[in-house]
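Working notes for the structure below.
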Amino acid sequence: MFTKIKGTRDLFGKEEKLIETIRREFLDTVYSFNFEWIDTPIFESAQLFKRSAETSDIVKKEMYEFKDKGQRELVLRPEGTAGFVRALIENKWYASSKSGKFAYCGPMFRYEQPQKGRYRQFMQAGVEYISEINPYNDAEIILLAKKILNNLGVSFTLKINSLGDLESRNAYQKALKEYLLPYKDQLNEINQERLEKNVLRILDDKEDSQKDFIKNAPKIFNYLTENSKKYFSTLTTILQANNVKYQIDYSLVRGLDYYDQIVFEFVSNSKNSPAQSTIIGGGRYSNLIEELGGPKLSACGWGFGIDRCADMILNDIDDQNSLFKDFLENLDIYVASTNENDLMTLFSLSNELRNYGLVVEFNKEIVKNKKIFDKANKFGAKYVIFNDPINQSGIFTVKNLKSNEKINFTFNEDGYADLLEFLSEELEQLNNLEIEEEE
(Lines of atoms letter the chains of each structure in order from A and count residues from 1; the text may use other names and numbers.)
(Lines give C-alpha, C1' and ligand atoms only; values in the text may rest on other atoms or scores of the structure.)
Protein backbone atom coordinates (compact mmCIF):
# COMPACT_ATOMS: atom_id res chain seq x y z
CA MET A 1 0.00 0.00 0.00
CA PHE A 2 1.22 3.49 -0.84
CA THR A 3 1.03 6.32 1.70
CA LYS A 4 1.34 10.08 1.39
CA ILE A 5 4.77 11.71 1.58
CA LYS A 6 5.81 12.99 5.01
CA GLY A 7 4.73 16.57 5.56
CA THR A 8 1.83 16.42 3.08
CA ARG A 9 -1.90 16.04 3.70
CA ASP A 10 -4.95 14.50 2.05
CA LEU A 11 -7.72 17.03 2.61
CA PHE A 12 -11.38 16.12 2.85
CA GLY A 13 -14.53 17.14 4.67
CA LYS A 14 -14.46 20.10 7.02
CA GLU A 15 -10.74 20.80 6.51
CA GLU A 16 -11.10 21.05 2.75
CA LYS A 17 -14.30 23.10 3.06
CA LEU A 18 -12.64 25.49 5.47
CA ILE A 19 -9.54 25.97 3.31
CA GLU A 20 -11.74 26.66 0.28
CA THR A 21 -13.79 29.18 2.28
CA ILE A 22 -10.64 30.99 3.45
CA ARG A 23 -9.40 31.05 -0.13
CA ARG A 24 -12.70 32.54 -1.32
CA GLU A 25 -12.62 35.16 1.44
CA PHE A 26 -9.10 36.10 0.34
CA LEU A 27 -10.21 36.31 -3.29
CA ASP A 28 -13.31 38.41 -2.58
CA THR A 29 -11.42 40.83 -0.35
CA VAL A 30 -8.44 41.41 -2.65
CA TYR A 31 -10.86 42.11 -5.50
CA SER A 32 -12.55 44.74 -3.33
CA PHE A 33 -9.13 46.42 -3.02
CA ASN A 34 -8.75 46.36 -6.84
CA PHE A 35 -6.06 43.65 -7.00
CA GLU A 36 -5.57 41.60 -10.18
CA TRP A 37 -5.30 37.80 -10.07
CA ILE A 38 -2.15 36.10 -11.35
CA ASP A 39 -0.83 32.55 -11.53
CA THR A 40 2.80 31.44 -11.87
CA PRO A 41 4.46 27.99 -12.19
CA ILE A 42 5.04 25.91 -9.07
CA PHE A 43 8.64 25.27 -10.14
CA GLU A 44 11.25 27.86 -11.06
CA SER A 45 14.98 28.14 -11.63
CA ALA A 46 16.83 27.42 -8.39
CA GLN A 47 19.01 30.48 -9.00
CA LEU A 48 15.98 32.76 -8.78
CA PHE A 49 15.54 31.99 -5.08
CA LYS A 50 19.26 31.82 -4.36
CA ARG A 51 19.68 35.35 -5.69
CA SER A 52 16.60 36.76 -3.95
CA ALA A 53 17.12 35.21 -0.51
CA GLU A 54 20.68 33.92 -0.41
CA THR A 55 21.16 33.70 3.36
CA SER A 56 17.62 32.77 4.40
CA ASP A 57 16.71 29.49 6.08
CA ILE A 58 14.54 28.74 3.07
CA VAL A 59 17.48 28.76 0.66
CA LYS A 60 19.99 27.25 3.06
CA LYS A 61 17.94 24.36 4.40
CA GLU A 62 14.38 24.15 3.12
CA MET A 63 14.21 24.19 -0.69
CA TYR A 64 13.15 21.19 -2.74
CA GLU A 65 15.85 21.27 -5.43
CA PHE A 66 16.21 18.87 -8.34
CA LYS A 67 17.58 18.57 -11.87
CA ASP A 68 15.19 17.84 -14.71
CA LYS A 69 16.02 15.62 -17.69
CA GLY A 70 17.71 18.59 -19.34
CA GLN A 71 19.98 18.95 -16.29
CA ARG A 72 18.42 22.30 -15.42
CA GLU A 73 18.53 23.14 -11.70
CA LEU A 74 14.95 23.69 -10.59
CA VAL A 75 13.15 24.21 -7.30
CA LEU A 76 9.58 23.78 -6.13
CA ARG A 77 8.60 27.30 -5.13
CA PRO A 78 9.03 27.85 -1.37
CA GLU A 79 7.33 31.27 -1.39
CA GLY A 80 5.50 33.49 -3.84
CA THR A 81 7.35 36.80 -4.13
CA ALA A 82 10.44 35.73 -6.11
CA GLY A 83 8.34 33.93 -8.73
CA PHE A 84 6.05 36.93 -8.97
CA VAL A 85 8.98 39.29 -9.52
CA ARG A 86 10.37 37.01 -12.23
CA ALA A 87 6.97 37.02 -13.99
CA LEU A 88 6.57 40.78 -13.48
CA ILE A 89 9.88 41.44 -15.24
CA GLU A 90 9.55 38.80 -17.96
CA ASN A 91 6.00 39.79 -18.95
CA LYS A 92 6.40 43.52 -18.25
CA TRP A 93 3.32 43.48 -16.03
CA TYR A 94 4.58 46.69 -14.43
CA ALA A 95 3.76 48.43 -17.73
CA SER A 96 0.44 46.74 -18.52
CA SER A 97 -1.19 46.71 -15.08
CA LYS A 98 -3.31 49.76 -14.28
CA SER A 99 -3.22 49.35 -10.51
CA GLY A 100 0.14 47.65 -9.91
CA LYS A 101 -1.71 45.36 -7.50
CA PHE A 102 -1.35 41.58 -7.86
CA ALA A 103 -2.76 38.63 -5.89
CA TYR A 104 -2.18 34.88 -6.07
CA CYS A 105 -2.81 31.65 -4.22
CA GLY A 106 -1.35 28.20 -4.60
CA PRO A 107 0.78 25.41 -3.16
CA MET A 108 4.28 26.14 -1.84
CA PHE A 109 6.93 23.64 -0.74
CA ARG A 110 9.53 23.69 2.05
CA TYR A 111 11.58 20.86 3.48
CA GLU A 112 10.81 21.59 7.14
CA GLN A 113 10.19 19.38 10.15
CA PRO A 114 6.43 18.76 9.92
CA GLN A 115 4.23 19.77 12.85
CA LYS A 116 0.81 21.29 13.40
CA GLY A 117 0.65 24.47 11.33
CA ARG A 118 3.80 23.62 9.35
CA TYR A 119 3.75 21.32 6.33
CA ARG A 120 6.12 20.51 3.49
CA GLN A 121 3.39 21.29 0.98
CA PHE A 122 1.15 24.13 2.08
CA MET A 123 -1.35 26.57 0.60
CA GLN A 124 -0.22 30.19 0.62
CA ALA A 125 -1.96 33.28 -0.68
CA GLY A 126 -0.16 36.54 -1.26
CA VAL A 127 -0.40 40.10 -2.51
CA GLU A 128 2.23 42.29 -4.15
CA TYR A 129 1.72 46.03 -4.66
CA ILE A 130 4.13 47.77 -7.05
CA SER A 131 4.04 51.21 -5.51
CA GLU A 132 5.97 54.28 -4.51
CA ILE A 133 7.67 54.24 -1.12
CA ASN A 134 4.66 55.77 0.58
CA PRO A 135 3.32 54.80 4.02
CA TYR A 136 -0.25 54.96 2.71
CA ASN A 137 0.54 52.10 0.33
CA ASP A 138 2.00 50.03 3.17
CA ALA A 139 -1.02 50.85 5.31
CA GLU A 140 -3.39 49.72 2.57
CA ILE A 141 -2.02 46.18 2.40
CA ILE A 142 -2.00 45.98 6.21
CA LEU A 143 -5.67 47.04 6.24
CA LEU A 144 -6.35 44.43 3.55
CA ALA A 145 -4.82 41.68 5.69
CA LYS A 146 -6.71 42.89 8.76
CA LYS A 147 -10.02 42.86 6.88
CA ILE A 148 -9.51 39.26 5.73
CA LEU A 149 -8.73 38.03 9.24
CA ASN A 150 -11.60 40.03 10.74
CA ASN A 151 -14.02 38.55 8.21
CA LEU A 152 -12.78 35.08 9.14
CA GLY A 153 -13.27 35.76 12.85
CA VAL A 154 -9.59 35.25 13.66
CA SER A 155 -8.19 36.96 16.78
CA PHE A 156 -4.69 38.35 16.18
CA THR A 157 -1.99 40.80 17.22
CA LEU A 158 -0.32 42.95 14.57
CA LYS A 159 3.43 43.36 15.11
CA ILE A 160 5.37 45.91 13.08
CA ASN A 161 8.92 47.19 12.85
CA SER A 162 10.98 49.55 10.74
CA LEU A 163 14.10 48.26 9.01
CA GLY A 164 14.80 51.76 7.69
CA ASP A 165 16.33 52.89 4.42
CA LEU A 166 19.71 51.78 3.06
CA GLU A 167 21.63 54.30 5.17
CA SER A 168 19.83 53.14 8.33
CA ARG A 169 20.40 49.46 7.57
CA ASN A 170 24.09 49.94 6.82
CA ALA A 171 24.64 51.79 10.10
CA TYR A 172 22.71 49.20 12.08
CA GLN A 173 24.36 46.22 10.40
CA LYS A 174 27.77 47.64 11.24
CA ALA A 175 26.83 48.17 14.90
CA LEU A 176 25.16 44.77 15.19
CA LYS A 177 28.15 42.99 13.67
CA GLU A 178 30.53 44.71 16.08
CA TYR A 179 28.28 43.70 18.97
CA LEU A 180 28.02 40.04 17.88
CA LEU A 181 31.66 39.41 16.95
CA PRO A 182 32.67 38.54 20.56
CA TYR A 183 29.85 35.95 20.58
CA LYS A 184 30.74 34.40 17.23
CA ASP A 185 31.65 31.02 18.72
CA GLN A 186 28.23 30.85 20.39
CA LEU A 187 26.43 31.21 17.06
CA ASN A 188 25.48 28.20 14.97
CA GLU A 189 27.37 27.54 11.74
CA ILE A 190 24.86 29.25 9.47
CA ASN A 191 24.77 32.38 11.64
CA GLN A 192 28.55 32.57 11.71
CA GLU A 193 28.31 32.85 7.93
CA ARG A 194 25.50 35.40 8.23
CA LEU A 195 27.71 37.50 10.46
CA GLU A 196 29.68 38.31 7.31
CA LYS A 197 26.87 38.38 4.71
CA ASN A 198 23.57 39.42 6.31
CA VAL A 199 23.85 39.98 10.02
CA LEU A 200 20.19 41.02 10.38
CA ARG A 201 19.07 37.48 9.64
CA ILE A 202 20.65 36.29 12.90
CA LEU A 203 17.90 38.12 14.79
CA ASP A 204 15.31 35.92 13.09
CA ASP A 205 17.05 32.58 13.55
CA LYS A 206 14.80 30.01 15.23
CA GLU A 207 17.53 28.85 17.63
CA ASP A 208 20.03 31.65 18.21
CA SER A 209 17.35 34.34 18.52
CA GLN A 210 16.39 32.81 21.88
CA LYS A 211 19.84 33.38 23.39
CA ASP A 212 20.21 36.24 25.87
CA PHE A 213 23.02 38.00 24.03
CA ILE A 214 20.80 38.19 20.92
CA LYS A 215 17.86 39.50 22.93
CA ASN A 216 20.13 42.19 24.39
CA ALA A 217 21.55 43.23 21.00
CA PRO A 218 21.25 46.87 19.83
CA LYS A 219 17.83 47.82 18.43
CA ILE A 220 17.51 49.10 14.89
CA PHE A 221 15.29 52.03 15.88
CA ASN A 222 18.30 53.79 17.41
CA TYR A 223 20.02 53.75 14.00
CA LEU A 224 17.18 54.98 11.80
CA THR A 225 17.69 58.14 9.78
CA GLU A 226 15.30 61.01 10.39
CA ASN A 227 13.52 60.20 7.11
CA SER A 228 13.02 56.58 8.16
CA LYS A 229 11.76 57.62 11.60
CA LYS A 230 9.32 60.03 9.97
CA TYR A 231 8.17 57.32 7.53
CA PHE A 232 7.49 54.87 10.34
CA SER A 233 5.77 57.53 12.44
CA THR A 234 3.48 58.42 9.53
CA LEU A 235 2.58 54.77 8.99
CA THR A 236 1.67 54.24 12.65
CA THR A 237 -0.41 57.43 12.59
CA ILE A 238 -2.33 56.16 9.56
CA LEU A 239 -2.95 52.83 11.28
CA GLN A 240 -4.19 54.57 14.44
CA ALA A 241 -6.53 56.77 12.38
CA ASN A 242 -8.03 53.60 10.90
CA ASN A 243 -8.47 51.87 14.28
CA VAL A 244 -5.69 49.37 13.67
CA LYS A 245 -4.08 48.23 16.91
CA TYR A 246 -0.43 47.20 16.71
CA GLN A 247 2.67 46.39 18.73
CA ILE A 248 6.13 47.62 17.77
CA ASP A 249 8.57 44.70 17.86
CA TYR A 250 12.15 45.88 17.31
CA SER A 251 13.39 42.29 16.90
CA LEU A 252 11.08 41.63 13.95
CA VAL A 253 13.05 41.31 10.69
CA ARG A 254 11.09 38.54 8.83
CA GLY A 255 12.69 35.46 7.33
CA LEU A 256 13.69 36.76 3.91
CA ASP A 257 16.58 38.98 2.90
CA TYR A 258 14.91 41.52 0.65
CA TYR A 259 12.77 43.59 3.05
CA ASP A 260 13.42 47.24 3.91
CA GLN A 261 11.53 50.07 5.60
CA ILE A 262 8.49 48.22 6.96
CA VAL A 263 7.98 44.62 8.10
CA PHE A 264 4.94 43.22 9.89
CA GLU A 265 3.31 40.03 11.11
CA PHE A 266 -0.23 39.11 12.13
CA VAL A 267 0.17 36.64 14.99
CA SER A 268 -2.68 34.47 16.27
CA ASN A 269 -4.03 35.14 19.76
CA SER A 270 -5.54 31.67 20.01
CA LYS A 271 -4.59 29.69 23.09
CA ASN A 272 -4.71 26.63 20.84
CA SER A 273 -2.25 28.05 18.31
CA PRO A 274 0.66 25.85 17.25
CA ALA A 275 4.23 27.01 17.81
CA GLN A 276 4.26 28.63 14.37
CA SER A 277 1.54 31.21 15.05
CA THR A 278 2.23 33.86 12.37
CA ILE A 279 -0.72 33.87 9.98
CA ILE A 280 0.22 36.73 7.65
CA GLY A 281 3.63 38.35 7.27
CA GLY A 282 5.27 40.76 4.88
CA GLY A 283 6.75 44.18 4.31
CA ARG A 284 8.27 46.49 1.72
CA TYR A 285 11.04 45.58 -0.70
CA SER A 286 12.69 48.32 -2.75
CA ASN A 287 15.66 46.60 -4.41
CA LEU A 288 14.56 43.05 -5.28
CA ILE A 289 12.97 43.86 -8.64
CA GLU A 290 16.08 45.68 -9.86
CA GLU A 291 18.38 42.97 -8.45
CA LEU A 292 16.53 40.33 -10.48
CA GLY A 293 16.95 42.28 -13.72
CA GLY A 294 13.95 44.59 -13.74
CA PRO A 295 13.54 48.35 -13.51
CA LYS A 296 14.04 50.29 -10.29
CA LEU A 297 10.67 49.69 -8.63
CA SER A 298 9.58 49.40 -5.03
CA ALA A 299 6.80 47.14 -3.81
CA CYS A 300 5.11 45.94 -0.66
CA GLY A 301 3.36 42.66 -0.05
CA TRP A 302 2.59 39.79 2.27
CA GLY A 303 2.08 36.05 2.41
CA PHE A 304 -0.92 34.37 4.04
CA GLY A 305 -0.63 30.82 5.41
CA ILE A 306 -4.04 29.39 4.57
CA ASP A 307 -3.41 25.92 6.04
CA ARG A 308 -2.15 27.47 9.26
CA CYS A 309 -5.17 29.76 9.47
CA ALA A 310 -7.51 26.80 8.89
CA ASP A 311 -5.80 24.79 11.63
CA MET A 312 -6.24 27.67 14.07
CA ILE A 313 -9.92 28.10 13.23
CA LEU A 314 -10.59 24.38 13.61
CA ASN A 315 -8.81 24.39 16.96
CA ASP A 316 -11.02 27.25 18.13
CA ILE A 317 -14.38 26.06 16.79
CA ASP A 318 -15.55 25.02 20.26
CA ASP A 319 -14.08 28.10 21.92
CA GLN A 320 -14.13 31.64 20.55
CA ASN A 321 -14.84 31.19 16.84
CA SER A 322 -18.47 30.32 16.18
CA LEU A 323 -18.37 31.84 12.69
CA PHE A 324 -17.67 28.48 11.07
CA LYS A 325 -19.87 26.20 13.16
CA ASP A 326 -22.79 26.56 10.75
CA PHE A 327 -20.48 26.54 7.77
CA LEU A 328 -19.01 23.15 8.60
CA GLU A 329 -22.52 21.76 8.38
CA ASN A 330 -23.55 23.68 5.30
CA LEU A 331 -26.25 21.52 3.70
CA ASP A 332 -29.40 23.58 3.29
CA ILE A 333 -31.92 20.89 2.38
CA TYR A 334 -32.01 17.11 2.48
CA VAL A 335 -34.63 15.60 0.14
CA ALA A 336 -35.86 12.01 0.24
CA SER A 337 -38.82 9.96 -0.90
CA THR A 338 -40.63 7.17 0.94
CA ASN A 339 -42.14 5.74 -2.24
CA GLU A 340 -41.40 5.17 -5.90
CA ASN A 341 -44.25 7.33 -7.21
CA ASP A 342 -42.86 10.63 -5.83
CA LEU A 343 -39.19 9.95 -6.57
CA MET A 344 -39.19 11.73 -9.95
CA THR A 345 -41.08 14.76 -8.59
CA LEU A 346 -38.72 15.21 -5.63
CA PHE A 347 -35.71 14.76 -7.91
CA SER A 348 -37.00 17.59 -10.12
CA LEU A 349 -37.77 19.72 -7.07
CA SER A 350 -34.19 19.29 -5.81
CA ASN A 351 -32.80 20.62 -9.07
CA GLU A 352 -35.24 23.55 -9.04
CA LEU A 353 -34.13 24.55 -5.54
CA ARG A 354 -30.45 24.48 -6.53
CA ASN A 355 -31.24 27.23 -9.06
CA TYR A 356 -31.77 29.53 -6.05
CA GLY A 357 -28.26 28.85 -4.78
CA LEU A 358 -29.38 26.39 -2.11
CA VAL A 359 -27.19 23.40 -1.26
CA VAL A 360 -29.39 20.36 -1.74
CA GLU A 361 -28.74 16.64 -1.25
CA PHE A 362 -31.23 14.27 -2.89
CA ASN A 363 -31.39 10.63 -1.84
CA LYS A 364 -31.95 8.57 -4.98
CA GLU A 365 -33.14 5.50 -3.04
CA ILE A 366 -36.44 4.90 -1.30
CA VAL A 367 -36.01 5.71 2.41
CA LYS A 368 -38.14 4.68 5.35
CA ASN A 369 -39.75 7.66 7.04
CA LYS A 370 -37.99 7.23 10.39
CA LYS A 371 -34.56 7.06 8.72
CA ILE A 372 -34.96 10.27 6.74
CA PHE A 373 -34.22 12.45 9.77
CA ASP A 374 -31.23 10.35 10.81
CA LYS A 375 -29.71 10.88 7.37
CA ALA A 376 -30.60 14.59 7.34
CA ASN A 377 -28.95 15.11 10.73
CA LYS A 378 -25.90 13.18 9.58
CA PHE A 379 -25.48 15.73 6.79
CA GLY A 380 -26.15 18.61 9.18
CA ALA A 381 -29.08 19.74 7.02
CA LYS A 382 -31.12 22.79 8.00
CA TYR A 383 -34.31 21.58 6.31
CA VAL A 384 -35.72 18.28 5.16
CA ILE A 385 -38.24 17.74 2.35
CA PHE A 386 -40.01 14.40 2.12
CA ASN A 387 -43.34 12.74 1.38
CA ASP A 388 -44.90 11.69 4.66
CA PRO A 389 -46.69 8.34 4.22
CA ILE A 390 -49.66 9.67 6.18
CA ASN A 391 -50.33 12.11 3.31
CA GLN A 392 -51.60 11.17 -0.11
CA SER A 393 -49.18 11.03 -3.04
CA GLY A 394 -48.25 14.45 -4.41
CA ILE A 395 -48.37 16.17 -1.02
CA PHE A 396 -44.94 16.88 0.44
CA THR A 397 -43.62 18.15 3.77
CA VAL A 398 -40.81 20.62 4.45
CA LYS A 399 -39.50 20.82 8.01
CA ASN A 400 -37.08 23.22 9.69
CA LEU A 401 -34.86 20.92 11.74
CA LYS A 402 -33.86 23.69 14.13
CA SER A 403 -37.29 25.10 14.98
CA ASN A 404 -39.28 21.93 14.13
CA GLU A 405 -41.74 24.09 12.15
CA LYS A 406 -43.19 22.37 9.11
CA ILE A 407 -45.75 22.82 6.34
CA ASN A 408 -47.26 20.63 3.67
CA PHE A 409 -47.17 21.73 0.03
CA THR A 410 -47.87 20.45 -3.47
CA PHE A 411 -45.53 20.73 -6.43
CA ASN A 412 -47.64 23.20 -8.38
CA GLU A 413 -47.49 26.98 -8.70
CA ASP A 414 -49.28 27.75 -5.44
CA GLY A 415 -47.57 24.99 -3.49
CA TYR A 416 -44.16 26.01 -4.80
CA ALA A 417 -44.80 29.58 -3.65
CA ASP A 418 -45.66 28.26 -0.18
CA LEU A 419 -42.39 26.31 -0.11
CA LEU A 420 -40.33 29.34 -1.12
CA GLU A 421 -42.09 31.44 1.51
CA PHE A 422 -41.18 28.85 4.15
CA LEU A 423 -37.57 28.93 2.94
CA SER A 424 -37.53 32.74 2.69
CA GLU A 425 -35.09 33.25 5.57
CA GLU A 426 -32.55 30.97 3.92
CA LEU A 427 -33.06 32.60 0.51
CA GLU A 428 -32.75 36.08 2.03
CA GLN A 429 -29.35 35.16 3.49
CA LEU A 430 -28.21 33.97 0.07
CA ASN A 431 -29.42 37.21 -1.55
CA ASN A 432 -27.54 39.25 1.05
CA LEU A 433 -24.36 37.29 0.27
CA GLU A 434 -24.81 37.97 -3.46
CA ILE A 435 -25.31 41.69 -2.79
CA GLU A 436 -22.16 41.82 -0.65
CA GLU A 437 -20.17 40.07 -3.39
CA GLU A 438 -21.43 42.54 -6.01
CA GLU A 439 -20.46 45.49 -3.80
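Quick note on the numbering used here: the sequence shown kicks off at -2 and runs consecutively.
The beta carbon of each residue, even a glycine, is placed where N, CA and C say it ideally should be.
Within a Cβ cutoff of 8 Å, which residues of the same chain sit near VAL356, ignoring the five residues on either side of it in sequence? ASN327, LEU328, ASP329, ILE330
Under a three-way DSSP split, which group does MET(-2) fall into? coil
Do the region 151 to 164 and the region 221 to 236 make contact, defined as three or more Cβ pairs closer than 8 Å? yes
Uninterrupted alpha helix (DSSP H) stretches inside the region 121 to 173 (no shorter than 4 residues): 132 to 149
Under the three-state DSSP convention, the category TYR101 falls into: strand
Comparing alpha-carbon positions, which option in ALA122, GLU262, PHE419, LEU289 lies nearest GLY280? GLU262
Go ahead and label MET(-2) buried or exposed: buried means 16 or more other beta carbons lie within 10 angstroms of its beta carbon, across all protein chains shown. exposed
Within a Cβ cutoff of 6 Å, which residues of the same chain sit near THR37, ignoring the five residues on either side of it in sequence? GLY80, ALA84
With a 10 Å radius around its C-beta and 16 neighbouring C-beta atoms as the bar for buried, classify ASP316 as buried or exposed. Low per-residue confidence applies at ASP316: pLDDT is 48, beneath 50, and the placement is therefore not dependable, though the value from the model is reported in the following sentence. Exposed is the call here.
Which value, in whole angstroms, describes the spacing of the CA atoms of LEU73 and ALA333? 47 Å
In three-state DSSP terms, what is ILE382? strand
Count Cβ pairs between the region 137 to 150 and the region 9 to 25 that sit closer than 8 Å; are there 3 or more? yes
Look at the Cβ atom of ILE2, then the Cβ atom of ARG117, and state whether they are nearer than 9 Å. yes
Taking the alpha-carbon of GLN110 as reference, which of GLY67, ILE286, GLU59, ILE86 has the nearest alpha-carbon? GLU59
Take the Cβ of GLU423 as the centre, count every other Cβ of all protein chains shown within 10 Å, and call the residue buried at 16 or more, exposed below. buried
Among PRO386, ALA172, LEU249, which residue has its Cα nearest to the Cα of GLN258? LEU249
Identify which residue in LEU221, TRP90, ASP308 has its Cα closest to the Cα of ARG6. ASP308
Work out the CA separation of ALA214 and GLN207 for me, nearest whole Å. 12 Å
With a CB to CB cut of under 8 Å and the five nearest residues on each side skipped, what residues in its chain are close to LYS64? GLU70, LEU71
Could you tell me if GLN112 is buried or exposed, where buried requires 16 or more neighbouring beta carbons within 10 angstroms of its beta carbon? exposed
With 16 other Cβ atoms within 10 Å as the buried cut-off, status of MET341: exposed
Can you tell me whether DSSP reads GLU22 as helix, strand or coil? helix
Where the alpha helix (DSSP H) containing LEU236 begins and where it ends: 223 to 238
When you compare the CB positions of GLY302 and MET120, do they come within less than 9 Å of one another, or not? yes
Could you give the distance in angstroms between the alpha-carbon of GLY298 and the alpha-carbon of ILE55? 18 Å
Have a look at ASN336, ALA142, LYS14, TYR126 and flag the residue whose alpha-carbon is nearest the alpha-carbon of PHE153. ALA142
Bridge partner(s) assigned by DSSP for ILE404: VAL395
Residue of SER93, LEU285, TRP90, PHE210 minimising C-alpha distance to SER49: LEU285
If we ignore side chains and look at the alpha-carbon of each, how far apart do ILE86 and ALA122 end up? 20 Å
With a threshold of 6 Å on Cβ separation, who are the neighbours of PHE210 within its own chain once the five nearest residues in sequence on each side are excluded? TYR180
Pairwise C-alpha distance: SER96 and PHE32: 7 Å
Range covered by the alpha helix (DSSP H) that runs through GLU193: 186 to 194
Distance, Cα to Cα, ARG107 vs ASN336? 55 Å
Do you know offhand how far ILE276's Cα is from ARG191's? 26 Å
Beta-carbon within less than 8 Å of GLU137's beta-carbon, same chain only, minus the 5 sequence neighbours each way: which residues are those? PHE30, TYR126
Buried or exposed by the 16-neighbour rule on C-beta atoms within 10 Å, applied to ASP182: exposed
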